[in-house]
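Chains as they are written, first to last, in numbering that gives the first Met the number 0: chain C, 0 to 142; chain F, 0 to 142; chain E, 0 to 142; chain P, 0 to 142. Note that beta-carbon positions come from the ideal geometry of N, C-alpha and C, so glycine has one too. Quick caveat, the model's predicted, so the values are computed rather than measured. What follows is a set of notes on a single structure, which appears directly below.
Protein chains: 4
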Amino acid sequence: MGRGALPRHRVERFRRDPFARRMGFELLHAEPGYAKVAVDLTEDLFNFAGTPHGGLLFSLADYAFAVASNSHGRIALATHGSIQFMAAAEAGERLYAEAKESHLTRRAGFYDMTVTTESGRLVARCLGVVHRTSRALDEEGSQ
Amino acid sequence: MGRGALPRHRVERFRRDPFARRMGFELLHAEPGYAKVAVDLTEDLFNFAGTPHGGLLFSLADYAFAVASNSHGRIALATHGSIQFMAAAEAGERLYAEAKESHLTRRAGFYDMTVTTESGRLVARCLGVVHRTSRALDEEGSQ
Amino acid sequence: MGRGALPRHRVERFRRDPFARRMGFELLHAEPGYAKVAVDLTEDLFNFAGTPHGGLLFSLADYAFAVASNSHGRIALATHGSIQFMAAAEAGERLYAEAKESHLTRRAGFYDMTVTTESGRLVARCLGVVHRTSRALDEEGSQ
Amino acid sequence: MGRGALPRHRVERFRRDPFARRMGFELLHAEPGYAKVAVDLTEDLFNFAGTPHGGLLFSLADYAFAVASNSHGRIALATHGSIQFMAAAEAGERLYAEAKESHLTRRAGFYDMTVTTESGRLVARCLGVVHRTSRALDEEGSQ
């Protein structure tokens, strides 16, 4: 961290992500190549077997991934994501996802994500790859 | 398909999946080792870049995956999922996810998932693996 | 299949792949977006637990993936690969890997791979993504 | 590290891995849940495009993964592996792969792998999952 702040309007745009709002995801911190997000585990985020839905865990990690990979101001499109599910979590717990850039080229970006509980227990781990387009993020449709 | 029907109470349990209900996912069809689900793309399922959220696409595929892998009546826990994002889709479109079992052992199950539009355009493709526990699905918590 | 043949010099270049030669991989068939390769399972391709090495299975699939994704004549660089291991195989068996293109854009290509035995048993399944560069395959270093 | 040494006969068994020997892989260090291996990049480990073969990179990581996941003395079978390819490397360079256990349950183990050059450049990153069987590694076929 400490790699500098993002322009405020870009962070605001990430915060207005419609899906993240619907899911109750919070964007806690964003820097170039890094993001941290959180969600409070309510029971409607669970599956029929009584554990947090795999889709919810992936979605939380994916939101951090999207913010980190678009943080440089160019539209980045995910081409692949991979997730390992290690452990369950309980209703009432707060989950955090962090995305860290491990490598960046002109055309591609590579990211690691972890999902952990408040106490630091590892719930899921992900890898993600983006194709970096040449389109500026800030110019399109951000009103 | 045509591999036989699931017990009605098991299908009902899959339909009561809290996360799937919150997301508006519909379970269209389930058989042993197979499931098909759908969602209508509303704008609150999109990301800040104006395409369906990667988390939404994974979640839809994951719901089909969970139904197919638990269809045999034993609790199956996902250990891994992988997704490729091929194409975007528009608000108003209906998306389908299908999960097919490609291999089943006593302890593991392997699944392919596709996410497609009404017209058959391929939007995403996934692989998933489960660990099959020895616990019966129907005995626990299905009232 | 039947989507047309590749230029002979391009197929020859794929056949001269140094790693594939070292491994004893054979390129059986290549077309635009498709490749089929094979290997005879000798005991030096096994691991310490007595099954074909996971690296060998991935490598075979990866060779088919590389041929299929470079078949269009532009250098394609893999950014990601994912593999599921379903079943073992015996020394003396012949393994086949097939790669099929599921989606192609100007900048990315998406591929499915399967590894099967002579009798059609599924041994492994993979997904792969490439970044398509603008460099022609045939111009560089193919003497 | 420093979590204790493995029994010598177990390390010897890992060293006799037939595929690793064929590939020229060296096992540098092994502890419970951890392994580090290396290979010298010779030109017959390259692909037709002149970069180290993706299969070679996966195989090196997979060897470290297999040692780390079998280090506890119970047969562990990989069900899934995922790899990101970040950067190329040159003939004459030495590559290292490290595998670290991120989570272990009675039935499953989760691992992170990196492939780096001597100078620490990140070449590839992997995730892997194993199913842990109840069979002892040391009892079977280790003469």
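**Cutoff 6 Å; reference Thr78 of chain P; Cβ partners in own chain excluding five residues on either side** = Taking the fourth sequence and counting its residues from 1, the one referred to as residue 78 of chain P is at position 79. By the criterion of a C-beta distance shorter than 6 Å, Thr78 of chain P is surrounded in its chain by Val128, His130, once the five residues flanking it on both sides are discounted.
**Request:** Anything in the segment 43-61 of chain C with a Cβ closer than 7 Å to a Cβ of chain P? List those residues in chain order, please.
**Result:** none
**Message:** By the 7 Å beta-carbon criterion, what residues does the segment 89-113 of chain E contribute toward chain F?
**Reply:** Within the segment 89-113 of chain E, the qualifying residues are Ser101, His102, Phe109.
**Item:** Residue range of the unbroken beta strand (DSSP E) whose run includes Phe109 of chain C
**Value:** Translated into positions along the first sequence, residue 109 of chain C becomes position 110. Residues 107-116.
**Neighbourhood of His71 of chain P by C-beta, 7 Å cutoff - its chain only, sequence neighbours within 5 removed** = Numbered from 1 along the fourth sequence, position 72 holds the residue referred to as residue 71 of chain P. The answer, listed in chain order, is Pro31.
**Amino acids of chain E, ordered along the chain, whose beta-carbon sits closer than 7 Å to that of His71 of chain C** = Taking the first sequence and counting its residues from 1, the one referred to as residue 71 of chain C is at position 72. Chain E residues near His71 of chain C: none, gap ~17 Å exceeds 7 Å.
**Request:** State the DSSP-derived secondary structure class of Leu59 of chain P, mapped to helix, strand or coil.
**Result:** In the fourth sequence, residue 59 of chain P corresponds to position 60, counting from 1. Three-state result, Leu59 of chain P: helix.
**Asked** Taking only runs of the beta strand (DSSP E) that begin and end inside the segment 4-91 of chain C, which ones reach a length of at least 3 residues, in chain order?
**Response** 25-30, 33-39, 73-84
**Message:** In whole angstroms, give me the CA-to-CA distance for Lys99 of chain E and Glu117 of chain C.
**Reply:** Taking the third sequence and counting its residues from 1, one reaches residue 99 of chain E at position 100. Taking the first sequence and counting its residues from 1, one reaches residue 117 of chain C at position 118. Rounded to the nearest angstrom, the two C-alpha atoms are 43 Å apart.
**Item:** For Thr132 of chain F, the first and last residue of its enclosing beta strand (DSSP E)
**Value:** As a working note, residue 132 of chain F is residue 133 in the second sequence. Unbroken beta strand (DSSP E) run through Thr132 of chain F: 121-135.
**Message:** Taking 8 Å as the threshold (C-beta atoms), are Ala48 of chain F and Ile82 of chain F in contact?
**Reply:** Taking the second sequence and counting its residues from 1, the one referred to as residue 82 of chain F is at position 83. Taking the second sequence and counting its residues from 1, the one referred to as residue 48 of chain F is at position 49. Taking 8 Å as the Cβ cut-off, Ile82 of chain F and Ala48 of chain F do not qualify as a contacting pair.
**Asked** Using 8 Å as the limit for Cβ to Cβ distance, is Leu121 of chain C near chain P?
**Response** Numbered from 1 along the first sequence, position 122 holds the residue referred to as residue 121 of chain C. Judged by the 8 Å Cβ criterion, Leu121 of chain C is in contact with chain P.
**Asked** Would the beta-carbon of Asp43 of chain E fall within 8 Å of that of Phe18 of chain P?
**Response** Indexing the third sequence from 1 puts residue 43 of chain E at position 44. Indexing the fourth sequence from 1 puts residue 18 of chain P at position 19. Yes.
**Request:** Would you verify that the beta carbon of Arg124 of chain E is, or is not, closer than 8 Å to some beta carbon of chain P?
**Result:** By one-based count along the third sequence, residue 124 of chain E stands at place 125. It does not: the Cβ of Arg124 of chain E has no partner Cβ on chain P nearer than 8 Å.
**Message:** Can you check whether the C-beta of Arg7 of chain F is within less than 8 Å of a C-beta belonging to chain C?
**Reply:** Here residue 7 of chain F corresponds to residue number 8 of the second sequence, with the count starting at 1. No, Arg7 of chain F does not count as interfacial toward chain C.
**Any chain C beta carbon closer than 8 Å to Gly80 of chain F** = Residue mapping note: residue 80 of chain F aligns to position 81 of the second sequence, counting from 1. Chain C, which has a Cβ nearer than 8 Å to the Cβ of Gly80 of chain F, makes this yes.
**Message:** Below 7 Å, is the gap between the Cβ of His71 of chain F and the nearest heavy atom of the ligand ADP?
**Reply:** With respect to small molecules bound, the structure shown includes none, and the ligand ADP cannot be examined in it.
**Sub-8 Å separation of Ala63 of chain E and Met112 of chain E beta-carbons** = Mapped onto the third sequence, residue 63 of chain E falls at position 64. Mapped onto the third sequence, residue 112 of chain E falls at position 113. Result yes, Cβ atoms of Ala63 of chain E and Met112 of chain E sit closer than 8 Å.
**Message:** Using the Cβ count rule (16 or more neighbours within 10 Å means buried), how would you classify Ser68 of chain E?
**Reply:** Indexing the third sequence from 1 puts residue 68 of chain E at position 69. Answer is buried; the Cβ neighbour count reaches 16.
**Message:** If I measure Cβ to Cβ from Ile74 of chain E and keep anything under 6 Å in the same chain, skipping five residues before and after, which residues do I get?
**Reply:** Numbered from 1 along the third sequence, position 75 holds the residue referred to as residue 74 of chain E. If we look at Ile74 of chain E and ignore the five residues flanking it on each side, its Cβ neighbours are Thr132, Arg134, Leu136.
**Message:** Less than 8 Å between the C-beta atoms of Leu94 of chain P and Ala88 of chain P, yes or no?
**Reply:** Sequence index remark: in the fourth sequence, residue 94 of chain P carries index 95 (1-based). Sequence index remark: in the fourth sequence, residue 88 of chain P carries index 89 (1-based). It is a contact, given that the beta carbons lie within the stated cut-off.
**Item:** Classification of Glu11 of chain F by the beta-carbon crowding that lies within 10 angstroms, buried from 16 upward
**Value:** Reading the second sequence from its first residue, position 12 is the one you call residue 11 of chain F. With fewer than 16 other Cβ atoms within 10 Å, it is exposed.
**Prompt:** Out of E:Arg15, E:Thr41, E:Phe84, E:Gly119, which has the shortest C-alpha to C-alpha gap to Gly143 of chain F?
**Reply:** With chain F covering 0 to 142 only, the question about residue 143 of chain F has no answer from this structure.
**Message:** Please return the same chain residues whose Cβ sits closer than 7 Å to the Cβ of Leu27 of chain E, not counting the five positions on each side in sequence.
**Reply:** Sequence index remark: in the third sequence, residue 27 of chain E carries index 28 (1-based). Closer than 7 Å at Cβ, skipping near neighbours: Lys35, Val36, Ala37.
**Prompt:** From the beta carbon of Pro31 of chain C, is the nearest beta carbon of chain F less than 8 Å away?
**Reply:** Your numbering for residue 31 of chain C matches position 32 in the first sequence. For Pro31 of chain C, the answer is no, since every Cβ of chain F falls outside 8 Å of its Cβ.
**Prompt:** Since Glu92 of chain C and Leu55 of chain C are thought to touch, with beta carbons under 8 Å apart, how far apart are those beta carbons, to the nearest angstrom?
**Reply:** Taking the first residue of the first sequence as 1, we reach residue 92 of chain C at position 93. Taking the first residue of the first sequence as 1, we reach residue 55 of chain C at position 56. That pair is no contact at about 12 Å.
**Prompt:** Using 8 Å as the limit for Cβ to Cβ distance, is His130 of chain F near chain P?
**Reply:** The sequence position of residue 130 of chain F within the second sequence is 131, counting from 1. Output row for His130 of chain F: interface = yes.
**Message:** As a quick exercise: from E:Gly3, E:His8, E:Gly23, pick the residue whose alpha carbon is nearest that of Leu59 of chain E.
**Reply:** In the third sequence, counting from the first residue as 1, residue 59 of chain E sits at position 60. The shortest Cα separation from Leu59 of chain E among E:Gly3, E:His8, E:Gly23 belongs to E:Gly23.
**Message:** I'd like the list of long-range same chain contacts for Phe57 of chain F, defined as Cβ closer than 6 Å, with 5 residues on each side in sequence excluded.
**Reply:** One-based indexing of the second sequence puts residue 57 of chain F at position 58. Hits under 6 Å: Ile82.
**Prompt:** How close, in whole Å, do the beta carbons of Leu103 of chain E and Leu126 of chain F come, if the pair is a contact with beta carbons under 8 Å?
**Reply:** What you label residue 103 of chain E is simply residue 104 of the third sequence in a count that begins at 1. What you label residue 126 of chain F is simply residue 127 of the second sequence in a count that begins at 1. Not really, about 20 Å apart at Cβ, beyond 8 Å.
**Message:** Counting only C-beta atoms, is Val10 of chain C closer than 8 Å to chain F at any point?
**Reply:** As a working note, residue 10 of chain C is residue 11 in the first sequence. By this cut-off, Val10 of chain C is not an interface position.
**Item:** Contacts that Asp39 of chain E makes with chain P (C-beta to C-beta distance below 7 Å)
**Value:** For the purposes of this step, residue 39 of chain E is taken as residue 40 along the third sequence, with counting starting at 1. Going along chain P, no residue has its Cβ under 7 Å from Asp39 of chain E, so there is no contact; the nearest lies around 14 Å.
**Item:** Residue-chain proximity (Asp16 of chain P, chain E), Cβ-Cβ < 8 Å
**Value:** As a first step, residue 16 of chain P is located in the fourth sequence; it is residue number 17 there, counting from the start. Closer than 8 Å to some Cβ of chain E, the Cβ of Asp16 of chain P qualifies, so yes.
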